[in-house]
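Heads up, the thing below is written out as structure tokens.
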Amino acid sequence: MADFLSARWFEEVNETLAHAPTPPRVVAPWRLVVEFTGAPATGPHALTLTIDDDGARLKPGDHLGAETLIRLTFDDARALSAGRLTSADALREGRLRVRGDLGPAVALLAWARDAHHAR
């Protein structure tokens, strides 16, 4: 598996999303931005998950029109990506902050993580 947030990591995740089962139903388009505190200056400070009529995709950076914003540390984001931390545990432990609609965010993050780890 590629390094978290590297160009190759985004390629792998998007390849997985392109072949994953249909994502949970949301009103499209829908965007989730995940911002990382303490991210290395050499990489992205955020990522955006977009669901629309063309499917699901992840890209580096943020989107001002996002329906949901999640903020967490870079280390916790890396642990979520690797499956060492669940979004439910991170939320329960106060390790992530959410602004916007949380319902679709939790379902879609779990779907994206499971699709990526099933690869």
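Numbering of the sequence shown is given in this note's numbering, commencing with residue 1136 and proceeding in unit increments.
For each residue, glycine too, the CB sits at the ideal point set by N, CA and C.
None of the values given here were measured: they were computed from a predicted structure.
{"query": "Going by Cα to Cα distance, which pick from R1206, H1154 and S1216 is closest to G1235?", "result": "R1206"}
{"query": "Any idea which residues DSSP pairs A1240 with across the strands?", "result": "Partner(s): none; A1240 has no beta bridge."}
{"query": "Determine, using beta-carbon pairs with one atom in the segment 1185-1203 and one in the segment 1217-1228, whether at least three such pairs fall under 8 Å.", "result": "no"}
{"query": "Given a cut-off of 8 Å on the beta-carbon distance, is the pair L1182 and P1195 in contact?", "result": "yes"}
{"query": "According to DSSP, is T1185 helix, strand or coil?", "result": "strand"}
{"query": "Looking at C-alpha atoms only, which residue of V1168, R1192, E1228 and A1142 is the closest neighbour of T1157?", "result": "R1192"}
{"query": "Less than 8 Å between CB atoms is the rule here; does P1158 satisfy it with respect to chain B?", "result": "The structure shown contains no chain B, having only a single protein chain."}
{"query": "Taking the straight line between their C-alpha atoms, what separation do you get for S1141 and V1233?", "result": "24 Å"}
{"query": "Along the chain, where does the alpha helix (DSSP H) containing D1232 start, and where does it finish?", "result": "Note on identity: in this sequence residue 1232 is Arg, with Asp being the wrong assignment. That residue, R1232, is in no alpha helix (DSSP H); its beta strand (DSSP E) goes L1231 to G1235."}
{"query": "Is the beta carbon of L1184 sitting closer than 8 Å to the one on R1213?", "result": "no"}
{"query": "Given A1240, which residues of its chain have a CB within under 6 Å of its CB, disregarding the five upstream and five downstream residues?", "result": "L1167 and T1203"}
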